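Worksheet: one structure, shown below.
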Amino acid sequence: MIQPNDLLTLLLILATAVVLGRLLAPYITSIFTSAPNRIDRIVAPIENRI
Numbered sequence: 040m041i042q043p044n045d046l047l048t049l050l051l052i053l054a055t056a057v058v059l060g061r062l063l064a065p066y067i068t069s070i071f072t073s074a075p076n077r078i079d080r081i082v083a084p085i086e087n088r089i
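Take 40 as the starting number for the sequence shown in my numbering and just add one per residue.
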C-alpha cells in the first residue's frame with residue numbers, strides 16, 4: 040500500500056518534472072528550429088572557435 044510520504048514524494052517529483060518541462064520547452068524548440076535564443080550570445084564565440 041502507498042504510504043502518505045511516498046505519495047507526497049511522487050507528487051513533488053511529478054510537479055517538478057512538469058514545471059521544468061514547461062520552462063525548458065521554448066528553449067529546446069528554439070534549438071531544434073535553429074532560432075536565435077539568449078544563450079547564443081554567450082556560446083556563439085566558443086562555437087565559432089571550434
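Even glycine gets a Cβ: it sits at the ideal position worked out from N, Cα and C. Since we're looking at a predicted model, the values are computed, not measured.
Residue 76 carries a coil assignment under DSSP once its states are collapsed to helix, strand and coil.
A direct Cα-to-Cα measurement between residue 76 and residue 69 gives close to 7 Å. Taking a C-beta distance under 9 Å as the contact criterion, residue 81 and residue 66 do not qualify as a contact pair.
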